[in-house]
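A.B. asks:
In the working numbering, the protein residues as written are 1 to 91.
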């Protein structure tokens, strides 16, 4: 029996692993590539030549463009949330 997937399309175990900074154990090679590329962008604000080539080859140039746009959007949103001191909603 396959583990149930939540709204994000990931199992609870995969989400917990990501939350805890552990390897997510993703079975899909494309998902692993997206995670590796996103992690590099978030931590380095850039990709090495090897990371770029792997992402371009695996996602296509338009797929890589979309991913970098998405990561950049969330980075901008995170800055805005910090600057304007937006807290978490009350339960």
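Cβ atoms here follow ideal geometry from the backbone N, Cα and C, with glycine treated the same way.
#1: Could you check which residue in 45, 18, 44 and 43 has the C-alpha nearest to that of residue 32?
#2: Grab the span of the alpha helix (DSSP H) containing residue 65 for me, first residue to last.
#3: From residue 77 to residue 20, what distance separates their C-alpha atoms?
#4: Beta carbon of residue 26, beta carbon of residue 35: below 8 Å?
#5: Rank 28, 46 and 50 by C-alpha distance to the C-alpha of residue 69 and give the top, closest one.
C.D. replies: Taking the coordinates as given:
#1: Within the chain shown, the letter at position 32 stands for residue 32. Out of 45, 18, 44 and 43, 18 has the C-alpha closest to the C-alpha of residue 32.
#2: The sequence position of residue 65 within the chain shown is 65, counting from 1. Element bounds for residue 65: 49-83.
#3: Looking up residue 77 in the chain shown gives position 77. Looking up residue 20 in the chain shown gives position 20. About 22 Å.
#4: Against the chain shown, residue 26 aligns to sequence position 26. Against the chain shown, residue 35 aligns to sequence position 35. Yes, Cβ-Cβ distance for residue 26 and residue 35 is below 8 Å.
#5: Counting from 1 along the chain shown, the entry for residue 69 is found at position 69. Closest option to residue 69, Cα to Cα, is 46.
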